[in-house]
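Colleague: Below you will find the structure I want to go over with you.
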Amino acid sequence: MPTPFLSSEEYDERAHQLYNEGQYDEALDVLREGLGLYPNSVELHIGVGYAHHAREDYAWARRSFEEALVLDPDHEDALAGLGETLLKFGQHENALRSFNHTLELGYQDDVELMLQIGRALFREGLIEESKQFFEIAAQQTPDAAEAVSCIGYAEHRLGNDETAISTLRRALQMDPDHTEARIYLGNIFYDRGDYEAALYHLDRSTPEDHWDELGIWRLIELKKMIYRLRDNDPELRPWEDRLRDLSGDLDDIDEMLAEIEAKYIDATQTEAKGQLELFGALLSSFADVKTAPESHRIKTDDGNTFEGTWEEIVDKMRDANCLKESPKPEQDAESFILAGRNRLTEWGAACAGSFQYATLGGRSGGRHHRSVGGRRKRASNARWQFIAHRTTAHSRSASGGADRARPGACAVGVSRRARPRQPHQL
């Protein structure tokens with residue numbers, strides 16, 4: 180229940196303490212309770228805006244800052260908070276206008292405000308603009324190591340490494356315990372390949388000084404490389420514990436995203452598995468389907484007609500004695516091959532005899548007879564005997580049945596070089 184004894188400033192102070200502890204929801208509850216009693220309190224509206232901004236509720240934060248500016252248009256904290264929120268919406272010009280308005284109001288001497296604005300611009304990548312506010316803060320307090328180190332950060336982001344190194348060293352001379360600048364300088368040396376200098380600066384920090392895992396990983400790596408430490412060395416244990424603390428447990432949003440990702444992966448795998456099963460079933464159905472044999476129809480020279488598959492046609496032709504002279508593989512493979520070889524040998528001998536008879540009646544019969552007689556000893560080549568037989572038959576038919584062959588026709592069988600065919604033979 181509301182406590183009537185608390186003023187608006189006390190509500191703001193209590194909420195500010197919770198805010199610094201990272202308890203943003205509890206801080207919002209306190210601020211809303213205070214606004215219920217003091218609805219026109221500018222400080223409470225600004226506190227609500229910063230609490231929403233920390234929870235990344237930027238739309239609500241913008242509304243709270245605008246309500247505060249309605250009550251006090253020149254409030255520097257409201258202007259800075261509104262500018263930070265506008266940066267999140269990408270409205271850089273309006274944000275810069277809000278930031279510059281604080282300068283017009285004369286708040287250059289507020290170093291904390293200048294550093295706050297500069298850091299906000301730095302986080303959004305507006306490095307040149309952030310450097311201007313850092314320089315304003317450094318001009319107000321020349322011995323402020325934090326302001327000088329922020330200038331060094333901006334110089335590094337602008338690509339001026341040498342200037343950044345000298346600026347950060349100057350900041351460390353002002354405050355040797357400024358660990359943020361020391362860690363940043365160590366990372367710059369690491370990126371430049373100067374590992375000993377990087378280890379010198381990183382090793383002078385404590386695990387609690389690091390709020391980013393990168394510096395710790397680099398320090399562990401350098402210790403292992405330069406000091407030859409092993410993975411289980413006790414010197415590395417505090418740094419490994421700090422890594423586990425920084426990784427920490429997942430918040431609600433991270434858990435939700437991890438759950439969504441896991442469900443998406445499961446759905447993808449299930450879909451892929453279903454597609455594979457469907458493809459396998461499709462192949463099985465194709466294998467089960469038996470296509471009907473294709474039917475053919477042929478007609479032989481003797482007028483017989485056969486229909487059916489090729490195997491059926493061959494069987495029907497054998498039954499009709501059309502292929503009675505062809506060997507049928509009813510015996511083993513070796514007997515079938517030997518029978519075929521004997522049949523080809525008998526066929527080649529018959530063709531050679533026919534060719535010899537045809538060439539003996541020619542004018543150059545003696546020469547052709549010797550040539551054919553010499554080749555007849557190698558009559559096992561069935562293809563040669565077939566060509567000779569065809570040539571002789573063609574010659575006999577062209578001469579009207581005379582027992583002599585044309586010299587050109589005989590030369591096809593006996594010459595070692597192929598002679599050109601005559602025009603009437605084409």
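Residue numbering for the sequence shown is 180 to 605, as defined by my numbering.
We treat Cβ as the ideally placed atom computed from N, Cα and C, and that holds for glycine.
#1: Can you tell me which of Tyr363, Asp356 and Gly338 puts its alpha carbon nearest to the alpha carbon of Leu347?
#2: According to DSSP, is Arg211 helix, strand or coil?
#3: If we count the other Cβ atoms within 10 Å of its Cβ and call it buried at 16 or more, is Ser277 buried or exposed?
#4: What does Lys478 pair with, by DSSP beta-bridge criteria?
#5: I'd like the list of long-range same chain contacts for Glu314, defined as Cβ closer than 7 Å, with 5 residues on each side in sequence excluded.
#6: Go ahead and pull the three-state DSSP assignment for Asp412.
#7: If Tyr203 and Ala233 are in contact, beta carbons under 8 Å, what's the gap, nearest whole angstrom?
#8: Quick check: the Cα distance between Asp420 and Ser220, rounded to an integer number of angstroms?
#9: Quick check: what's the CA-CA separation for Leu282 versus Ile306?
#10: Take Glu255 as the anchor and find which of Leu457, Trp418, Asp236 and Ile296 has the nearest alpha-carbon.
#11: Beta carbon of Ala257, beta carbon of Leu248: below 9 Å?
#12: Below 9 Å between beta carbons: does that hold for Ala606 and Gly215?
#13: I need the DSSP call for Ala194, collapsed to helix, strand or coil.
#14: Rounded to the nearest angstrom, what separates Asn279 and Pro252 at their Cα positions?
#15: Between Tyr198 and the rest of its own chain, which residues show a CB-CB distance below 8 Å, the 5 nearest in sequence each way excluded?
#16: Three or more C-beta pairs under 8 Å: does that hold for the stretch 333-342 against the stretch 352-362?
#17: So, at 7 Å on beta carbons, what are the nonlocal neighbours of Glu334 in its own chain, with the 5 sequence-adjacent residues on each side left out?
#18: Go to Thr346, then tell me how far its alpha helix (DSSP H) extends in each direction, as first and last residue.
#19: Just how far apart, CA to CA, sit Glu222 and Phe312?
#20: Are the C-beta atoms of Gln270 and some chain D residue less than 9 Å apart?
#21: For the alpha helix (DSSP H) containing Gly372, name the first residue and the last one.
#22: Output yes or no for whether 9 Å exceeds the beta carbon distance between Asn366 and Arg397.
#23: By Cβ distance, which residues of its chain are closer than 7 Å to Glu456, with the 5 residues on each side in sequence left out?
#24: Assuming Tyr217 and Ser243 make a contact with CB atoms under 8 Å, what is their CB distance in whole Å?
#25: Please report how far the alpha carbon of Ala274 lies from the alpha carbon of Leu261, in whole angstroms.
#26: Need the endpoints of the alpha helix (DSSP H) that Arg276 sits in, please.
Modeller: Answer, in terms of the structure:
#1: Tyr363
#2: helix
#3: buried
#4: Thr484
#5: Ile330
#6: In this structure, Asp412 counts as coil in the three-state DSSP scheme.
#7: Going by Cβ atoms, the distance from Tyr203 to Ala233 rounds to 5 Å, so yes, they are a contact pair.
#8: 44 Å
#9: 18 Å
#10: Ile296
#11: yes
#12: As displayed, the chain neither begins before 180 nor continues past 605, which places residue 606 out of reach and without an answer.
#13: helix
#14: Rounded to whole angstroms, Asn279 and Pro252 show a C-alpha spacing of 14 Å.
#15: Ala206, Gly226, Tyr229, Ala230 and Ala233
#16: no
#17: Thr342, Ala343 and Thr346
#18: Asp340 to Met353
#19: 24 Å
#20: Judged by its chain identifiers, the structure shown contains no chain D, having just a single protein chain.
#21: Run containing Gly372: none; DSSP gives neither H nor E here.
#22: yes
#23: none
#24: The pair is not a contact, with the Cβ atoms about 14 Å apart (cut-off 8 Å).
#25: Distance between the alpha carbons of Ala274 and Leu261: 7 Å.
#26: His271 to Glu283
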